[in-house]
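> Under my numbering, think of the first position of the sequence shown as 4, with each following residue one higher. All C-beta atoms, glycine included, are put in the ideal place defined by N, C-alpha and C. Note that the structure is predicted; figures quoted are calculated from it, not measured.
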Amino acid sequence: DEWMTVDEIGWFTAGFYGNGFLPSYRKLTEQFELPARRKIKELSKGMRAKVVLSLAMAHEPELLILDEPTSGLDTLVRRQFLESMVDVAATGRTVFLSSHQIGEVERVADIVAILRQGKLVLVERLDELKDQIQELTITVQDGTSRPPDLPCRVLSERHKDRQWQILVRGATDQHLTALRAQQSVREVEARSPSLEEIFVAYMRTSPEPAAQGASSHE
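1. What span of residues does the alpha helix (DSSP H) with arginine 51 cover, start to end?
2. Beta carbon of valine 111, beta carbon of leucine 67: below 7 angstroms?
3. Using the Cβ count rule (16 or more neighbours within 10 Å means buried), how would you classify phenylalanine 84?
4. Which first and last residues belong to the alpha helix (DSSP H) in which serine 27 is found?
5. Using a threshold of 7 angstroms, state whether the C-beta atoms of leucine 123 and tyrosine 205 are closer than that.
6. Does the structure place the stretch 174-181 close enough to the stretch 72-87 that three or more beta carbon pairs sit under 8 angstroms?
7. How about the stretch 49-63 and the stretch 20-40: do they share at least three Cβ pairs that are nearer than 8 angstroms?
8. Assuming glutamate 11 and lysine 44 are in contact, meaning their beta carbons sit under 8 angstroms apart, how far apart are those beta carbons, in whole angstroms?
9. For leucine 125, does the three-state DSSP call read helix, strand or coil?
10. For glutamine 168 versus threonine 147, is the C-beta spacing smaller than 7 angstroms?
11. Beta-carbon within less than 7 angstroms of leucine 76's beta-carbon, same chain only, minus the 5 sequence neighbours each way: which residues are those?
12. As an exercise, report each continuous beta strand (DSSP E) stretch of at least 3 residues that is fully enclosed by the stretch 130-162, in chain order.
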């Protein structure tokens, strides 16, 4: 198909779909600023990715499955591609995106799932997941002691001298207040970690059953 032009490959593919495919495809290629008369083999990798996306979206599928779609694309093209995915999801269609680019997933996903060694360890709405997880920086009075145990799940921890960074799930304001009141604790700071930090913690921690939740588009 590389010998075809951008418009010709749309015309060829339209034979497998209904009459509305070609107008929809041409509209998408115009939005992506693709040269209609340029041969596929003459296009950059980023432009080829846009052609593939236009072909995939032109018949308006209810489910769009993309495996590492931004691999090899430059930063600008990758951003444009992800913005297109947000636009698709906004129409009520589902985009199933598989990627190792965790920062990109965080920008566009409504629901995230984490696979480890072929097993699903987490599936959850991204906003709810991030609301549940905090990184606590705990400074203890004595450099030889560790912080008191927390009544919540510890996903990861590391420390240097008196300072501990602990990623926890399910810590409440009451838990943090009680922690700060401990004599062995000098200071407690909390922040919201990135999805990449959460991903790394889940990849390293003991497995637990995947959370059950309502499905939605990504």
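On the basis of the data shown:
1. Residue 51 sits at position 48 when you count from the first residue of the sequence shown. First-last of the alpha helix (DSSP H) with arginine 51: 48-60.
2. Position 108 of the sequence shown, counted from the first residue, corresponds to residue 111. Position 64 of the sequence shown, counted from the first residue, corresponds to residue 67. Result no, Cβ atoms of valine 111 and leucine 67 do not sit closer than 7 angstroms.
3. Residue mapping note: residue 84 aligns to position 81 of the sequence shown, counting from 1. Buried: at least 16 other Cβ atoms inside 10 Å.
4. What you label residue 27 is simply residue 24 of the sequence shown in a count that begins at 1. 24-34 is the extent of the alpha helix (DSSP H) around serine 27.
5. Against the sequence shown, residue 123 aligns to sequence position 120. Against the sequence shown, residue 205 aligns to sequence position 202. No, the Cβ-Cβ distance between leucine 123 and tyrosine 205 is not below 7 angstroms.
6. no
7. yes
8. Within the sequence shown, residue 11 is the residue found at index 8, counting from 1. Within the sequence shown, residue 44 is the residue found at index 41, counting from 1. Actually they are not in contact, since the Cβ atoms of glutamate 11 and lysine 44 sit about 12 angstroms apart, beyond 8 angstroms.
9. To locate residue 125, count along the sequence shown from 1; it is residue 122. Strand, per DSSP.
10. Sequence index remark: in the sequence shown, residue 168 carries index 165 (1-based). Sequence index remark: in the sequence shown, residue 147 carries index 144 (1-based). Contact: no.
11. Taking the sequence shown and counting its residues from 1, the one referred to as residue 76 is at position 73. Cβ neighbours of leucine 76 beyond the five flanking positions: Lys48, Gly49, Ala52 and Phe84.
12. 136-143
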